[in-house]
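So this note's numbering is basically just the index in the sequence shown, starting at one, shifted up by 73.
Input: a single structure, listed below in structure tokens.
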Amino acid sequence: MTIPPFQPLQAEPDFARPSWRQQWAFTRKELRETLRDRRTIITLLAMPLLLYPLLGLGVRYLALQQIAAESPEYRIALQGELEAQWFREVLRRGEFPLERDPFQREAYPQSTRLDPPPAVQILVPTEAGVINLQMYVSRGDADLGVMVDFRDSSLADDLPGAHVELIRRNGSLAGLEAADFVVSRLERVRERQLRDWTQASGLQFALPVTQHTLAIEPERETNALLGLLPLVLLLMTVTGGVYPAIDLTAGERERDTLETLMALPVPRYRLLLAKFVAVVTVTLLTGLMNLLAMSITMYAMQLETLLFGAEGLTAWLVFKLCLVLACFATFYATVLLLITCSARSFKEAQAYLIPLLLVSFSPGLVMLQPGWNLNYLTATLPLLNMLLLAREFLEGTAPLLPAMATGISSGLYAACSLLLAARLFGSDAAGTGSPGGWRDLFARPRATRPLPSFSLATLLLVVTFPLYFIASGLLARVEVSSMGLRLILSGLLTLLLFGLFPLFWLGWQRISFRAALSLNWPRLRAWPGALLLGLWTWPWVFEMVVWLNEFQQAGIATEQFAQVEELLIAWRSVPFPLVLLVLAGLPAVCEELFFRGVLRNGLKEHLGPGFSVVFAALAFGLFHVVVAGGAAPVRVVPSTCLGLILGWVAWQSGSILPAMLLHALHNATLLSIARYQQELSGWQLGDLETTHLPAGWQVVSAVCMLLGLLLVRSTQRNPNPGHLPIKELAPMR
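Okay, here's the thing in structure tokens:
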């Protein structure tokens, strides 16, 4: 029997292709499926063509209303015809101010008349009397009531003297403006009559005090419509990526096609990268269609000069807006994929995205507040930085370096979101889990587990945050007899929410306390490392606060410093051991149990140890924004950085006990400096002013922190078995 020679396959298998060809095949498949969807086409084409003409009509109506508001009309009521005639003469004589000296006439040639003059409608009610006139104004039939009491007719025969009483309705802006208008006319008439009287008496007339208001153009004029336009444009852009992101992840999981993709012998990140490219493409196309529809609408309705200035909507401006849209589409596509990858069904993904869209409105509301401009600090705030950059582009005032920082920071956020999505994509819990119900959520399992799941840790965080926010606000409203009692109540709140509540949660879910909370005894070198970090981390935290305070948007105002001073003075009446127990000891134990224990270990299985540390630190910083029912945004950055150090110490040492020591020493050091700031003034410490610490303190702090980090790093537990030496592995039998 002759064996035929081996014949190689003529066609190369699909999975033996080069990586770039394989990636293009997956991407083309995702794009084809997405662009064939009818909902995508409707979002891509129909919504912009319908929305922007309606939006243009609204903008045009608001512009006409603004033009009409520049020449207001005041309804002024008087008690009789005689008073109405006298009032008309007063308005006529008070239209022009007194002649100024030659210098003032040359300096203010346009200041001899109000421009534009308001229209005045004089009303005379049919019934006379003070009460009726007041009721006439209170009903809104007139903006202002004028009571004229003729007292002296000796000053001028044609204009007798009178006492005038103005009646306006509280809360009426038109009434307030009408009152100011009438007062200015009366003052001019009074000045003119004084001049005529003194000149007739042979005296020199001169007003003791003169004033002039010069209206100048602002250095930076912000258009309210330009503040809303980027928000509308970017939110319309993200709507194009919502349905593709849901359909390519949760939709495929619901149709049982995701398991087929996951069974292919290709890395998961390639599958996710193909879906990412598809979502970004559709999102960017939606943004370009919105920009095109907006440009055509503005040009057709002749609104480009009203919104964008004399130059209108130029090609250079459109190009810059396209760059912003590309940055925004990339960032939001990663966020959408991160959320939809954790959903088990199409309906669940929609439920997740609704809060995301609501949160997206908040930066737009912040952007409308005065004082928010694009700088190095706001360039690091996700979503808000892109909205501010779009507004700066529309106004033509975008600074170069903050604009570049916006693009870089948004790219970093997008990369982090994509990495997190890659860890969640196709995971067993998300791929094969059932939707479940409320009973499954709170049902007690029968078997004991070592660690909390990702969903349980996330649910615990979601439940605890509103409870902490509401409880802090209610505690601030409670009136107590002493500051010591308030501190005790605050400590009980910390113990309940961050200590007892997660312990009860773990016990109900039959989760091992020791494993879930990392209650292991660390190696000996971890303790001096945590000691050094706890005693010498505060200078750099203080420097962060001082640096943030240099920015107006995120700094602590002078009033807040005064409140801190008052709080410190009140704390001096409380025994210092009680202050240390409530504000240093309890937070160190309870917060470490919650953030570095339950939360970090629950996220570790899906996000990995590094990302779980980062996520727990972000949650730690967010919780520290809430201060007595209010908000202190300046605490976000230093609290998050401290959370990163605490999480890293717990990760490297394999225990939260060194993190507890670090946390307690850090809080105790800050409290001691605040308590004895007068005694430490010679050391240039304890000063609440916005001044930097001496360089010597920073150098000593950096050296001690580095030594502490090295000591903790040397105690790392549980090395990766894949990196063990061969001689330590058991032999094969």
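Beta carbons are placed, not taken as given, at the ideal position from N, Cα and C, and that holds for glycine.
Since we're looking at a predicted model, the values are computed, not measured.
Query, Result
"So, under 8 Å CB-CB, Val-397 and Leu-492 are touching, yes? Tell me the CB distance rounded to an integer number of Å.", "So it is not a contact: roughly 24 Å between Cβ atoms."
"Helix, strand or coil: how does DSSP classify Thr-631 here?", "Since pLDDT at Thr-631 reaches only 49, below the 50 mark, its modelled position is unreliable, and no value is offered."
"Rounded to the nearest angstrom, what separates Cys-663 and Arg-669 at their Cα positions?", "10 Å"
"Is the number of C-beta pairs between the stretch 343 to 358 and the stretch 309 to 323 that are closer than 8 Å three or more?", "yes"
"Tell me the residue span of the alpha helix (DSSP H) that contains His-679.", "673 to 696"
"How would you label Ile-481, buried or exposed, when you count the other beta carbons within 10 angstroms and need 16 or more for buried?", "exposed"
"Taking only runs of the alpha helix (DSSP H) that begin and end inside the stretch 296 to 355, which ones reach a length of at least 4 residues, in chain order?", "297 to 319, 331 to 335"
"Considering only their Cβ atoms, is the gap separating Arg-242 from Gly-234 smaller than 7 Å?", "no"
"Which runs of the alpha helix (DSSP H), 4 residues or longer, sit entirely within the stretch 523 to 575?", "527 to 550, 556 to 568"
"Within the continuous alpha helix (DSSP H) that includes Val-773, where are the two ends?", "768 to 786"
"Select from Arg-598, Ser-726, Leu-691 the residue whose C-alpha is nearest the C-alpha of Leu-712.", "Inspection of the sequence shows that residue 712 is occupied by Ser rather than by Leu. Among Arg-598, Ser-726, Leu-691, the Cα nearest to that of Ser-712 is on Leu-691."
"For a quick check, are the C-beta atoms of Trp-609 and Met-733 less than 7 Å apart?", "no"
"Look at the alpha carbon of Val-550 and the alpha carbon of Val-655, and state the distance between them as a whole number of angstroms.", "Going by the sequence as given, residue 550 is Arg instead of Val. About 19 Å."
"What's the gap between the Cα of His-679 and the Cα of Ala-530?", "11 Å"
"As a quick exercise: from Gly-658, Ile-718, Leu-217, pick the residue whose alpha carbon is nearest that of Ile-240.", "Leu-217"
"What number of angstroms, rounded off, separates the C-alpha of Gln-626 from the C-alpha of Gly-546?", "Only weak support exists for where Gln-626 lies, its pLDDT of 45 falling under 50; the coordinates are left without a value."
"Residue range of the alpha helix (DSSP H) that Ala-452 falls in?", "Neither: Ala-452 is in no alpha helix (DSSP H) and is coded neither H nor E."
"According to the Cβ coordinates, are Gly-781 and Leu-605 closer than 7 Å?", "yes"
"How about Ser-30 and Thr-407: do their beta carbons lie closer than 7 Å?", "One cannot answer for residue 30 here, as it falls past the ends of the chain, which runs 74 to 806."
"Rounded to a whole number of angstroms, what is the C-alpha to C-alpha distance between His-21 and Phe-615?", "Residue 21 is absent from the model: the chain starts at 74 and stops at 806."
"Our contact map puts Leu-566 next to Thr-537 with C-beta atoms below 8 Å; I'd like the distance itself, whole angstroms only.", "With 8 Å as the limit, Leu-566 and Thr-537 do not qualify as a contact, their Cβ atoms being about 12 Å apart."
"Flag this pair as yes or no: are the beta carbons of Arg-258 and Leu-155 separated by less than 7 Å?", "no"
"Can you say whether Asp-320 is buried or exposed, counting buried as having 16 or more other CB atoms within 10 angstroms of its CB?", "buried"
"Check for me: the beta strand (DSSP E) holding Gln-750 runs from which residue to which?", "Where Gln-750 is concerned, there is no enclosing beta strand (DSSP E), given that its DSSP letter is neither H nor E."
"Buried or exposed: where does Lys-420 fall if 16 or more other Cβ atoms within 10 Å of its Cβ makes it buried?", "exposed"
"DSSP puts Gly-218 in a beta bridge; with which residues?", "Ala-150, Ile-240"
"So Val-352 and Leu-394 are in contact, right, with Cβ under 8 Å, and what is the actual spacing, rounded?", "Actually they are not in contact, since the Cβ atoms of Val-352 and Leu-394 sit about 21 Å apart, beyond 8 Å."
"Please name the residue or residues paired with Gln-582 in a DSSP beta bridge.", "DSSP lists no partner for Gln-582."
"Between the Cα of Val-619 and the Cα atoms of Gly-244, Pro-767, Trp-644, which residue gives the shortest distance?", "Pro-767"
"Hey, how far is the Cα of Gln-789 from the Cα of Ser-726?", "5 Å"
"To which residues of the same chain is Val-350 closer than 8 Å at the C-beta, ignoring the five residues directly before and after it?", "Thr-100, Glu-103, Leu-104"
"From Ala-422 to Trp-611, what distance separates their C-alpha atoms?", "42 Å"
"Report all residues from its chain with a CB closer than 7 Å to the CB of Arg-786; omit the five preceding and five following residues, and keep chain order.", "Gln-725"
"Ends of the alpha helix (DSSP H) at Ala-399?", "388 to 414"
"Going by CA-CA distance only, name the one from Trp-770, Cys-400, Glu-106, Arg-748 that's closest to Trp-613.", "Trp-770"
"Return the chain-ordered list of same chain residues with a C-beta closer than 8 Å to the C-beta of Leu-460, the five sequence neighbours on each side being excluded.", "Pro-303, Leu-304, Leu-307, Pro-436, Gly-437, Met-440"
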